[in-house]
Amino acid sequence: MFKSPYLQRVFDDVMKKDPFQPEFIQAVETFFLSMDDLIIHTPTIEKFAIMERLVEPERLVKFRITWVDDKGNTKVNRGYRVQFSSLLGPYKGGLRFHPTVNESTMKFLGFEQTFKNALTGLPLGGGKGGSDFNPIGKSDGEIMRFCQNFMLELYRHIGPDTDVPAGDIGVGYKEIGYLYGMYKKIVNEATGVLTGKGLTYGGSLVRKEATGYGLVYFVSEMLKTYRSERIDDKRVIISGSGKVGLHAAVKAHELGAVVVGMSDVKGFIYNENGLKMDVVTELCTNGELTIKYKEKEDCIYGPNPKDLWQQPCDIAMPCAIQNELDLNDAKTLVSNGCFLVAEGANMPCTLDAERYFQDHQILFAPGKAANAGGVAVSLFEMSQNASHYPWSYDDVDEKLKGIMRDIFLKAYTAARKYKNPYDLVAGANIASFLRVYEAMMDEGIV
Ligand code: 2IT
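With the numbering used here applied, the sequence shown corresponds to residues 2 to 447, in that order.
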């Protein structure tokens, strides 16, 4: 499958060692496919076992969380922290509470995060963590007790210069607050070790909006560069109504796009004239967007969230979860006139869907570039915590815009140099790899 026998050998070894980690194998495969030509021409990569080192996390902690539910029953969940790479700075990446959390999803997310963080140009290593605990349907008391017990183990592995977790699916303001409250109680230090905190106790303005806003800033750069266009009047569909999807919708709308469709776990909504964004914002915060929206406003509704991809649009932004958009969805989107796809989630498109888009000249933004705004603003939160001085909204938003422009330029420049100007997948993979590779060579064999 790979031209480079070395790359093939490393890939075969990953499959042999971890045959039951399909998401991790998929992330490595996509990454390696971009790396083939570069590796053939750079023998030092094999000599110093660079790829073998990159596919092996520096540390993987797996632990038990026990907690008591509201009825007095004892519950057991699995917790993880994958400290993937500290080459560029402290391990950095979110915590996900979702039933699909296991070693494979954790490792794929940690691998992606390492290169995403490298692409920001900021001093950030890569990590990820979480639990198979599902916060949906749990009471506040249950969520608090779970978070406290999760932190009773996690605290010993993290620190402001060691490993700085944040939120992800299932972990928002509420969970971060409970986690941070317990961390401070244990270590007796207010160093701000988690990012995505509330504004009253060290959080940063624009952090909760950052991934979604950053995604739209990235798409605007693509439209300007490839089509000399703006996002105005483009019909956009966005899956997932969490932090990323909602704020992508809000920013796209603010910049003049027409958000025609959205989805959540209970279905999708679509209106060719545009969804009412004030109603979307109000209902998203309650976590039941589609069901409540269809009761209030004129729209098409379907109970299967995946049917969102059957609806006509110009731009699609998958912002829910890995592998939510497959080859059939890609074919339908393209036949319905969609010309740009930008990943707000991590690896939401399957590998064959991604290839289909690229083979059909659809502009495609990979998640590790397009959704990096969240972690970039996390670094800004760390800076504010370290200096004990908060920044203004405009300061953070301007810096976020600058970072997204910069990430686009890095991916675009590498794409032009190593593949073709449209291949942002290769561009993002190669640009981030080169930064990590240089640090690896400088830091020696450790
Ligand atoms: O996937 C991601 O980039 C995140 N969940 C955010 C990571 C962070 O540390 O802010």
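Ideal Cβ positions, reconstructed from N, Cα and C, are used throughout, including at glycine.
Check                                                                                                                                                                          : Outcome
Is it the case that the Cβ atoms of G345 and T212 are separated by a distance below 9 angstroms?                                                                               : yes
Going by the DSSP bridge assignment, what does D169 pair with across the sheet?                                                                                                : V172
Is any non-hydrogen atom of the ligand 2IT found closer than 8 angstroms to the C-beta of T101, if you look at the structure I gave you?                                       : no
Is S5 a contact residue of the ligand 2IT, with contact defined as CB to any heavy atom under 8 angstroms?                                                                     : no
If you check the beta carbons only, do I238 and Q312 fall under 9 angstroms apart?                                                                                             : yes
E176 to K420, Cα distance in whole Å?                                                                                                                                          : 42 angstroms
Which residues in the same chain as R231 place their Cβ atom closer than 8 angstroms to its Cβ, once the five residues preceding and following it in sequence are excluded?    : S221, L224, K225, L256, G257
Could you tell me the distance, in whole angstroms, from the CA atom of I46 to the CA atom of A440?                                                                            : 13 angstroms
In terms of DSSP beta bridges, what is L309 paired with?                                                                                                                       : Note: L309 sits in no beta bridge, so no partner.
Answer yes if the region 373-389 comes into contact with the region 196-209, meaning at least three C-beta pairs across the two stretches below 8 angstroms, and no otherwise. : yes
Closer than 8 angstroms to a non-hydrogen atom of the ligand 2IT - does that hold for the CB of Q385?                                                                          : no
Taking the alpha carbon of A354 as the reference point, which residue from N372, N337, P100, N329 has its own alpha carbon closest?                                            : N329
Does the beta-carbon distance from E104 to K63 come in below 9 angstroms?                                                                                                      : yes
Just confirm the distance between the C-beta atoms of I363 and C339, as a whole number of angstroms; I'd bet it's less than 8 angstroms.                                       : 7 angstroms
Counting C-beta neighbours from all protein chains within 10 Å, is the total for E444 16 or more, i.e. buried, or is it exposed?                                               : exposed
In whole angstroms, what is the alpha-carbon distance linking P367 and A343?                                                                                                   : 6 angstroms
Which residues in the same chain as R236 place their Cβ atom closer than 6 angstroms to its Cβ, once the five residues preceding and following it in sequence are excluded?    : V259, V261, C314, D315
Run through the DSSP bridge pairs and tell me what N287 is partnered with.                                                                                                     : Beta-bridge pairing links N287 to no other residue.
Buried or exposed: V95, going by 16 or more other Cβ atoms within 10 Å of its Cβ?                                                                                              : According to the sequence shown, residue 95 is Gly rather than Val. Buried, by the Cβ-count rule.
Tell me which residue opens and which closes the alpha helix (DSSP H) that F358 is part of.                                                                                    : 352-360
Relative to the ligand 2IT, is the shortest distance from any of its heavy atoms to the C-beta of S379 smaller than 8 angstroms?                                               : yes
Using a Cβ-based criterion (distance less than 8 angstroms to any ligand heavy atom), does N347 qualify as near the ligand 2IT?                                                : yes
Are the beta-carbon atoms belonging to G80 and G131 less than 9 angstroms from one another?                                                                                    : yes
Can you tell me which of the three DSSP states Y390 falls into?                                                                                                                : coil
Mapping the DSSP letters down to three states, classify D133 as helix, strand or coil.                                                                                         : coil
So what does DSSP say about P319, is it helix, strand or coil?                                                                                                                 : strand
Is I404 closer than 9 angstroms to A377 when the C-beta atoms are compared?                                                                                                    : yes
For a test of your reading of the model: does the CB of D169 fall under 8 angstroms from any non-hydrogen atom of the ligand 2IT? Yes or no.                                   : yes
Considering only their Cβ atoms, is the gap separating V437 from S86 smaller than 9 angstroms?                                                                                 : yes
Candidates D14, S393, A429, N372: which alpha carbon is nearest V217's?                                                                                                        : N372
Would you say the beta carbon of G130 is closer than 8 angstroms to some non-hydrogen atom of the ligand 2IT?                                                                  : no
Tell me where the beta strand (DSSP E) around Q149 begins and ends.                                                                                                            : Run containing Q149: none in the beta strand (DSSP E); it sits in the alpha helix (DSSP H), 141-155.
Is Q84 a contact residue of the ligand 2IT, with contact defined as CB to any heavy atom under 8 angstroms?                                                                    : no
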